[in-house]
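Numbering of the sequence shown is given in our numbering, commencing with residue 3 and proceeding in unit increments.
For every residue, glycine included, the Cβ atom is placed at its ideal position computed from N, Cα and C.
Model, not experiment: these values are computed from the prediction.
Shown next, in structure tokens, is the structure this report addresses.
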Amino acid sequence: MALRPPGVRPRRHRGAAPAAADPGPVARVVLRRLGALRLPRGRPVVGPRGGHRAARALGRDAGRHREGGVSLPPPAQPLLATGEVRHTRLRPARHAFAYRNWFVLLPMRALRRQPAASLPRNRAGLVSFHDADHGDGSADALAWAEGLLSAEGIDDADGEIWLQTYPRVLGYAFKPVSFWYCHRADGTLAAVLAEVNNTFGERHVYLLAGPQLGFGREQQARKVFHVSPFCRVEGRYRFRFMRTADRIVARVDHDDDTGALLQTSVSGRLEPLTAAATRRALLGMPLMTLGVIARIHWQALKLWRKRVPFFTKPEPPQAFVSR
3 MALRPPGVRP RRHRGAAPAA ADPGPVARVV LRRLGALRLP RGRPVVGPRG GHRAARALGR
63 DAGRHREGGV SLPPPAQPLL ATGEVRHTRL RPARHAFAYR NWFVLLPMRA LRRQPAASLP
123 RNRAGLVSFH DADHGDGSAD ALAWAEGLLS AEGIDDADGE IWLQTYPRVL GYAFKPVSFW
183 YCHRADGTLA AVLAEVNNTF GERHVYLLAG PQLGFGREQQ ARKVFHVSPF CRVEGRYRFR
243 FMRTADRIVA RVDHDDDTGA LLQTSVSGRL EPLTAAATRR ALLGMPLMTL GVIARIHWQA
303 LKLWRKRVPF FTKPEPPQAF VSR
């Protein structure tokens, strides 16, 4: 059905216009739905300060609706990010690579209230999310994260908790690192959980918290967990996270006892996690999660050929969480 746009009244006509004719029941429904969109009239937020405001707004649930006479935020929606991974080793032999990838950014508390139809959870699917791939392997990854925060004395993460991770593709995923962005109700960051896995099936969590935590600010943690046989378990990690309305970047650099050693980042442009977006990502990178583990071993072979020293794997730390 096509709706005819109204004509413009000539300037010479004064006074109120005559009442418009009833457009009919179908048109009334369309007009009501268009009016409910509430399209913003303000200018877009840009620039460094705007990025922080956008990140705070994303930590909250943007927009509001009414339920039982009370104004409530609508649930946040899961996102898909398409971008790249970068990795640079500075010494003893310089080695760098970058490759395209995609990942998901999931509002875990919103998904607890309203599961996403576009992402199968704890069941088979071409692309799926499984709680057991995170934390202690239990059936509720969010409950694990909330319990960890409580045990560590972080009681103000009462906003959304966003999980940046690789989903399973064809039932498989290897996740070198996943990030849990734990927000306060006002949208600021209360904590970030950096959940690290190695190829030996071990997992460790670096808990980042404190008054200096925020998007665009550097956080540090002592390295205590084995990841690569080409790096000793020593030194520190330097984390920096950036997020705007349509982009996210997580940077993790490793300094050993001598100085800067590794520079890594994962970034992506965000869009709603819809069936169409997932299809596009799969068509562009169909074996993305298999590619993650394959590239790890391929790059390890290159380092070995460059005669980068090889270190034996130590025992994992006794504590599952360090800060």
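Gly161 and Ala187 look like a contact to me (Cβ under 8 Å); what is the Cβ gap, rounded to whole Å? Numbered from its first residue, the sequence shown carries residue 161 at position 159. Numbered from its first residue, the sequence shown carries residue 187 at position 185. Yes, they are in contact, since the Cβ atoms of Gly161 and Ala187 sit about 5 Å apart, within 8 Å.
Is it true that the CB of Thr291 sits closer than 9 Å to the CB of Val1? The requested residue 1 is not part of the displayed model; the chain covers only 3 to 325.
Does the distance from the CB of Arg242 to the CB of Arg253 come in under 9 Å? Here residue 242 corresponds to residue number 240 of the sequence shown, with the count starting at 1. Here residue 253 corresponds to residue number 251 of the sequence shown, with the count starting at 1. Contact: yes.
Please go through the same chain and pick out, in chain order, the residues whose beta-carbon is closer than 8 Å to the beta-carbon of Pro169, but skip the five residues on each side of it. Residue numbering aside, residue 169 sits at position 167 when the sequence shown is read from its first letter. Excluding residues within five positions, the ones whose Cβ falls inside 8 Å are Phe105, Val106, Leu121, Val129, Ser130, Phe131, Ala175, Thr291.
My output table needs one value for Gln222: the three-state DSSP class, helix, strand or coil. As a working note, residue 222 is residue 220 in the sequence shown. Residue state for Gln222 is assigned as strand, using DSSP reduced to three classes.
Report buried or exposed for Gln221, applying the criterion of at least 16 other Cβ atoms within 10 angstroms of its Cβ. Here residue 221 corresponds to residue number 219 of the sequence shown, with the count starting at 1. Its Cβ being crowded by 16 or more others within 10 Å, Gln221 is buried.
Closest to Ala223 by CA distance: which of Asp138, Asp257, Ile250 is it? Counting from 1 along the sequence shown, the entry for residue 223 is found at position 221. Nearest neighbour of Ala223 by Cα position, chosen from Asp138, Asp257, Ile250, turns out to be Asp257.
Counting C-beta neighbours from all protein chains within 10 Å, is the total for Ala159 16 or more, i.e. buried, or is it exposed? To locate residue 159, count along the sequence shown from 1; it is residue 157. So Ala159 counts as buried.
Which of the three DSSP states, helix, strand or coil, is assigned to Arg125? Counted from its first residue, the sequence shown places residue 125 at position 123. Coil.
Phe217 versus Leu92: straight-line alpha-carbon distance, rounded: If you number the sequence shown from 1, residue 217 lands on position 215. If you number the sequence shown from 1, residue 92 lands on position 90. If you take the alpha carbons of Phe217 and Leu92, they lie about 26 Å apart.
The alpha helix (DSSP H) with Glu148 in it runs from where to where? For the purposes of this step, residue 148 is taken as residue 146 along the sequence shown, with counting starting at 1. Looking at the DSSP string, the run of the alpha helix (DSSP H) that includes Glu148 is 143 to 153.
Neighbour-count burial assignment, Thr314, 16 or more Cβ in a 10 Å radius: By one-based count along the sequence shown, residue 314 stands at place 312. Thr314 comes out exposed.
Using the three-state DSSP reduction, which class does Met290 fall into: helix, strand or coil? Mapped onto the sequence shown, residue 290 falls at position 288. DSSP places Met290 within a helical segment (H, G or I) once states are collapsed to three.
Every unbroken beta strand (DSSP E) inside the stretch 145 to 209 [3 residues or more]: Listed in chain order, they are 163 to 167, 179 to 185, 191 to 199.
Is the Cβ-Cβ distance between Pro117 and Arg123 less than 9 Å? Sequence index remark: in the sequence shown, residue 117 carries index 115 (1-based). Sequence index remark: in the sequence shown, residue 123 carries index 121 (1-based). Cβ atoms of Pro117 and Arg123: closer than 9 Å.
Applying the criterion that 16 or more other CB atoms from any shown protein chain within 10 Å of the CB defines a buried residue, is Thr280 buried or exposed? Counting from 1 along the sequence shown, the entry for residue 280 is found at position 278. With 16 or more other Cβ atoms within 10 Å, it is buried.
How many Å lie between Pro94 and Thr266 at the Cα? Here the question's residue 94 lines up with position 92 in the sequence shown. Here the question's residue 266 lines up with position 264 in the sequence shown. Computed Cα separation, rounded: 17 Å.
In chain order, which alpha helix (DSSP H) runs of at least 4 residues are fully inside the stretch 91 to 123? 110 to 115
Thinking C-beta only, is Thr84 closer than 9 Å to Gly237? Position 235 of the sequence shown, counted from the first residue, corresponds to residue 237. Position 82 of the sequence shown, counted from the first residue, corresponds to residue 84. Contact: no.
For Gln320, three-class secondary structure by DSSP: Taking the sequence shown and counting its residues from 1, one reaches residue 320 at position 318. Three-state DSSP puts Gln320 in coil, outside helix and strand.
Of the residues Leu150, Ile250, Ile298, the one placed nearest Ala1, counting alpha carbons only: This structure does not reach residue 1, given that the chain is present from 3 up to 325, and the question cannot be answered.
Go to Leu264, then tell me how far its beta strand (DSSP E) extends in each direction, as first and last residue. For the purposes of this step, residue 264 is taken as residue 262 along the sequence shown, with counting starting at 1. Run containing Leu264: 262 to 274, per the beta strand (DSSP E) assignment.
Do Pro77 and Trp164 come within 9 Å of each other at the CB atom, strictly closer than that value? Against the sequence shown, residue 164 aligns to sequence position 162. Against the sequence shown, residue 77 aligns to sequence position 75. No. Outside cutoff.
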